[in-house]
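Chemist: Our numbering applies: residue 1394 is where the sequence shown begins, and numbers increase by one.
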Amino acid sequence: MVREWVKEKCHLEDRVKDLRKNYTQGELLESSLPESPFGLFHTWFTQASESEAIKEPNAMVLSTQDGDRVDSRIVLLKGLEDSSFLFYSNYESHKGKQLLANDHCTLLFPWVHLERQIIIRGRATKQTEEKSAKYFSSRPRASQLGAWASEQSDPINSREDLQKQLDEIGTKFMDSEVTKPLHWGGYVVHPYEIEFWQGRESRLHDRILYTKIGDSWQTQRLQP
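#1: Given a threshold of 16 other Cβ atoms within 10 Å of its Cβ, counted over all protein chains shown, does H1404 qualify as buried or as exposed?
#2: Would you say S1444 faces chain B, with C-beta separation under 8 Å as the test?
#3: Between I1601 and R1593, is the Cβ-Cβ spacing less than 8 Å?
#4: Note down the Cα distance separating L1559 from G1539, rounded to an integer number of angstroms.
#5: Closest to N1451 by C-alpha separation, out of L1575, S1531 and Q1510, would be which residue?
#6: Threshold first: 3 residues or longer. Then list the beta strand (DSSP E) segments lying entirely within the stretch 1495 to 1556, N to C.
#7: Looking only at DSSP bridge pairs, what is Q1611 linked to?
#8: Can you list, in chain order, the residues of its chain whose CB lies under 7 Å from that of E1474, leaving out five sequence neighbours each side?
#9: With distances taken from CA atoms, which of S1442, Y1603, S1595 and W1610 is nearest R1413?
#10: Buried or exposed: P1430, going by 16 or more other Cβ atoms within 10 Å of its Cβ?
#11: Is E1443 close to the ligand FAD? I mean its beta-carbon at under 7 Å from any heavy atom of the ligand.
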């Protein structure tokens, strides 16, 4: 058993070591940059949305900090609000507690098939209850019930126990609309840095960093 595991491990290491790809799809030059990063974000997001290879262009990696530890997970972008980025979650989850203690966070859009990524650094605030409730009412009923049933990030003994919680919530709201739970709502990430990365040949990638200075944005090319 151990011998087979070691053999497979060596095979995997060789396979990973030999993975290599040249990036040739695009370029990102200063002459084509808009003054605001949101114009470029809109262009890139539209292209990602039109790509058949990217199934969920709004999937983004959210990184938060818990003391001296960093956590990351995928969440879905659900809107651009006043030049900020919006997603929804359980406020009592790990990410919710971490954002309460430290509102600085990072969003990453990994559009690998386009040889692009966007990194957004900002501070998160809760969306208003009114706006969160309006969005919650537009969700499928099954998703609404799931928001009540799951005590996100808490341990549970089995899948059957989770299904039991969902069944109980379904019974509770059997003859009524599902209202938004107080522990669920939106987060608005207000960016102060947005970095655009475009893969290039010979690993000399294009990296353009937008930094917010007052009410305007400053651009700077970074070495790859």
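Ideal placement from N, C-alpha and C gives every residue a C-beta, glycine not left out. Bear in mind that the values here come from a model prediction, so they are computed numbers and not experimental data.
Modeler: Here's the rundown:
#1: Mapped onto the sequence shown, residue 1404 falls at position 11. Classification of H1404: exposed, given that the 10 Å Cβ count is below 16.
#2: Absent from the structure: chain B. Only one protein chain is present.
#3: Here residue 1601 is taken as the residue at index 208 of the sequence shown, counted from 1. Here residue 1593 is taken as the residue at index 200 of the sequence shown, counted from 1. In this structure, R1593 does not lie closer than 8 Å to I1601 by Cβ.
#4: Indexing the sequence shown from 1 puts residue 1559 at position 166. Indexing the sequence shown from 1 puts residue 1539 at position 146. About 7 Å.
#5: Here residue 1451 refers to the residue found at position 58 when the sequence shown is read from its first residue. Checked all of L1575, S1531 and Q1510; the closest Cα to N1451 is Q1510.
#6: 1497 to 1504 and 1509 to 1519
#7: Here the question's residue 1611 lines up with position 218 in the sequence shown. T1604, per the DSSP bridge assignment.
#8: In the sequence shown, residue 1474 corresponds to position 81, counting from 1. V1581.
#9: One-based indexing of the sequence shown puts residue 1413 at position 20. Residue S1595 is the option with its Cα nearest to R1413.
#10: Locating residue 1430 in the sequence shown gives position 37, counting from the first residue. The residue in question, P1430, is buried, as its Cβ has 16 or more Cβ neighbours within 10 Å.
#11: The ligand content of the structure shown is nil, which means the ligand FAD is not present either.
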